[in-house]
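**Student:** This is the structure I have questions about; it appears just below.
Residue numbers (this note's numbering): 169 to 341.
Listed below in structure tokens is the structure:
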């Protein structure tokens with residue numbers, strides 16, 4: 169089977185919730201792209217594989233392959249890929265209790281998404297960062313971050329104006 173078809177099948181299996189089969193297909197596609205010397209596609213599949221590893225409970229494998237994907241994206245100069253890998257690492261850190269590391273990586277990912285103009289991903293990442301800040305009891309920062317999410321997405325003017333009231337009162341905005 170052609171590696172591109174294998175990768176497409178892996179994504180379909182993942183979408184259908186067939187995690188074990190998806191995991192095997194992603195691993196095979198990743199190995200095939202590596203064998204071909206196709207670093208860009210190998211990094212893209214590695215990023216997806218990291219998510220599947222996490223969902224399968226293989227957190228150490230997820231962390232390692234996401235870090236590998238990030239390194240590859242950095243070497244390739246692929247900023248959108250870097251942002252996605254960093255965002256996935258942040259989500260992994262967040263869900264495994266490393267809230268401080270998650271915050272740093274969510275912020276970094278959001279900045280990279282902003283740099284490449286991926287407004288939807290930037291907004292989603294700021295929302296995730298805001299939730300993490302709320303979980304850590306930092307509600308004012310969470311409010312300011314949520315405002316950035318709305319701004320990135322071109323959100324509701326009325327809601328943004330409402331959110332900025334306490335920020336202005338406290339001299340944050």
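Ideal placement from N, C-alpha and C gives every residue a C-beta, glycine not left out.
(1) Please classify residue 301 as buried or exposed, where buried requires at least 16 neighbouring CB atoms within 10 angstroms.
(2) Tell me, to the nearest whole angstrom, how far the beta carbon of residue 187 is from that of residue 224; I am working on the premise that it is less than 8 angstroms.
(3) Leaving out the 5 sequence neighbours to the left and right, which residues in its chain are closer than 7 angstroms to residue 337 when beta-carbon positions are compared?
(4) In this structure, does DSSP put residue 326 in helix, strand or coil?
(5) Give the C-beta separation of residue 257 and residue 273 to the nearest angstrom, bearing in mind that I take them to be a contact with Cβ-Cβ under 8 angstroms.
(6) Buried or exposed for residue 252, please, with buried defined as at least 16 other CB atoms from any protein chain shown within 10 angstroms of its CB.
(7) Between 279, 197, 182, 315, which lies nearest to residue 248 when the distance is taken from Cα to Cα?
**Tutor:** The short version:
(1) Here the question's residue 301 lines up with position 133 in the chain shown. Buried is the call here.
(2) Along the chain shown, read from residue 1 onward, the residue named residue 187 stands at position 19. Along the chain shown, read from residue 1 onward, the residue named residue 224 stands at position 56. Contact flag correct, Cβ pair sits at about 6 angstroms.
(3) For the purposes of this step, residue 337 is taken as residue 169 along the chain shown, with counting starting at 1. Note that residue 337 scores a pLDDT of 49, beneath 50, so its modelled location is shaky and nothing firm can be said.
(4) Position 158 of the chain shown, counting from 1, holds the residue named residue 326. Only weak support exists for where residue 326 lies, its pLDDT of 48 falling under 50; the coordinates are left without a value.
(5) The residue labelled residue 257 in the question sits at position 89 within the chain shown. The residue labelled residue 273 in the question sits at position 105 within the chain shown. That belief holds up - the Cβ atoms of residue 257 and residue 273 are roughly 5 angstroms apart, short of 8 angstroms.
(6) In the chain shown, the residue the question calls residue 252 occupies position 84. Residue 252 is buried by the Cβ-count criterion.
(7) Taking the first residue of the chain shown as position 1, residue 248 is located at position 80. Comparing Cα positions, the closest option is 279.
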